[in-house]
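S.K.: In this note's numbering, each residue carries its 1-based index in the sequence shown increased by 266.
Note that the Cβ used here is the ideal one computed from N, Cα and C, for glycine as well.
Computed from a predicted model, the values in this text were never measured in an experiment.
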Amino acid sequence: MKTQDLITAMAADAMPRPQVGALVARWFLPVLALSGLVALLVLGVRTDLAAAMAAPVTAMKSFLPLIVALAAGFAVLRRADPARSAGWLVWPLVIVAGLAALWFTTTLAGMPADRWWPTAKGQTLFFCLIAIPVIALLPLAVLIAALRSGASTAPMRSGALAGLAAGAGAAAIYAFHCTEDSPLFFLCWYSLGILAVSVAGAWAGRRWLRW
Numbered sequence: 267m268k269t270q271d272l273i274t275a276m277a278a279d280a281m282p283r284p285q286v287g288a289l290v291a292r293w294f295l296p297v298l299a300l301s302g303l304v305a306l307l308v309l310g311v312r313t314d315l316a317a318a319m320a321a322p323v324t325a326m327k328s329f330l331p332l333i334v335a336l337a338a339g340f341a342v343l344r345r346a347d348p349a350r351s352a353g354w355l356v357w358p359l360v361i362v363a364g365l366a367a368l369w370f371t372t373t374l375a376g377m378p379a380d381r382w383w384p385t386a387k388g389q390t391l392f393f394c395l396i397a398i399p400v401i402a403l404l405p406l407a408v409l410i411a412a413l414r415s416g417a418s419t420a421p422m423r424s425g426a427l428a429g430l431a432a433g434a435g436a437a438a439i440y441a442f443h444c445t446e447d448s449p450l451f452f453l454c455w456y457s458l459g460i461l462a463v464s465v466a467g468a469w470a471g472r473r474w475l476r477w
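#1: Any idea if residue 326 is buried or exposed, counting beta-carbon neighbours within 10 angstroms, 16 or more meaning buried?
#2: Using CA atoms only, rank isn't needed, just tell me which of 392, 322 and 358 is closest to residue 334.
#3: Which residues in the same chain have their Cβ closer than 6 angstroms to the Cβ of residue 318, if we skip the five residues on either side of it in sequence?
#4: What is the rounded straight-line gap between the Cα of residue 431 and the Cα of residue 443?
#5: Of the residues 378, 454 and 414, which one's Cα is nearest the Cα of residue 368?
#6: I need the straight-line Cα distance from residue 418 to residue 342, nearest angstrom please.
#7: Would you mind stating whether residue 286 and residue 415 have Cβ atoms separated by less than 7 angstroms?
#8: Does the Cβ-Cβ distance between residue 301 and residue 401 come in under 7 angstroms?
#9: Check whether chain C comes within 7 angstroms of residue 285, counting only Cβ atoms and requiring the distance to be less than that.
#10: Might you give, ordered along the chain, the residues of its own chain that have their beta carbon closer than 6 angstroms to the beta carbon of residue 322, omitting 5 neighbours on each side?
#11: Start and end of the alpha helix (DSSP H) containing residue 394?
#12: How is the alpha helix (DSSP H) around residue 440 delimited, first residue to last?
#13: Excluding the 5 residues preceding and the 5 following residue 288 in the sequence, name in chain order all residues of the same chain whose CB lies nearer than 8 angstroms to its CB.
#14: Which value, in whole angstroms, describes the spacing of the CA atoms of residue 303 and residue 460?
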């Protein structure tokens, strides 16, 4: 390599890159909001939303995924910087998962066994499993693109956290349309939809976040 070429390459490497957090604020959050708005315009908001959200059980359909989205989002931003630790941000995710599992179990215990599957299945199982990943698809792509400006030491894990953030955000939005208010339904199928997006994020991280 010629000396001038080397100097040019070094100068290019030294040019400041936009911070991942700034890119996420500039692109991911607006795209997630836009995707949610389009989804709700197409699908519609449940007609009894105000009354439904007054019920704590129904409010949890959006609140729990929102906590997961925030915790996963902060964790993935910290993982984009090798000098920062994201370990403590795992605990909100563990706590939410534990509370959800406990809630699911106690709900099962409170009803006859022959009602478990009909109640969990609801009327919109397959639509839910399609809608959440579809809403999350573009926000996930934008988040992965933003993370390419970082330097994650665990690309697959960062991608999975990105998918978790996008999927949980999509689930929180979808809850404004969904009329399935049984904890058996939303704890099970929202979680599965979010998990599918997280798996897609892990694959994308392995593919595009290596450095």
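M.R.: Taking the definition as stated:
#1: Residue 326 sits at position 60 when you count from the first residue of the sequence shown. Per the 10 Å Cβ criterion, buried.
#2: Within the sequence shown, the letter at position 68 stands for residue 334. Closest option to residue 334, Cα to Cα, is 358.
#3: The sequence position of residue 318 within the sequence shown is 52, counting from 1. For residue 318, where only same-chain residues beyond five positions count, the Cβ hits under 6 angstroms are 324.
#4: If you number the sequence shown from 1, residue 431 lands on position 165. If you number the sequence shown from 1, residue 443 lands on position 177. Cα-Cα distance, rounded: 19 angstroms.
#5: For this step, residue 368 is matched to residue 102 along the sequence shown. Minimum Cα distance to residue 368 is reached at 454.
#6: As a working note, residue 418 is residue 152 in the sequence shown. As a working note, residue 342 is residue 76 in the sequence shown. Their Cα atoms are separated by approximately 9 angstroms.
#7: Taking the sequence shown and counting its residues from 1, one reaches residue 286 at position 20. Taking the sequence shown and counting its residues from 1, one reaches residue 415 at position 149. Going by C-beta atoms, residue 286 is nearer than 7 angstroms to residue 415.
#8: Here residue 301 refers to the residue found at position 35 of the sequence shown. Here residue 401 refers to the residue found at position 135 of the sequence shown. In this structure, residue 401 lies closer than 7 angstroms to residue 301 by Cβ.
#9: Reference to chain C is not applicable here, since this structure consists of a single protein chain.
#10: Position 56 of the sequence shown, counted from the first residue, corresponds to residue 322. For residue 322, where only same-chain residues beyond five positions count, there are no Cβ hits under 6 angstroms.
#11: One-based indexing of the sequence shown puts residue 394 at position 128. Residues 391 to 413.
#12: Taking the first residue of the sequence shown as 1, we reach residue 440 at position 174. Segment 421 to 440, the alpha helix (DSSP H) holding residue 440.
#13: By 1-based counting over the sequence shown, the position of residue 288 is 22. Taken in chain order, the list of residues that qualify is empty.
#14: In the sequence shown, counting from the first residue as 1, residue 303 sits at position 37. In the sequence shown, counting from the first residue as 1, residue 460 sits at position 194. Rounded to whole angstroms, residue 303 to residue 460 spans 19 angstroms at the Cα level.
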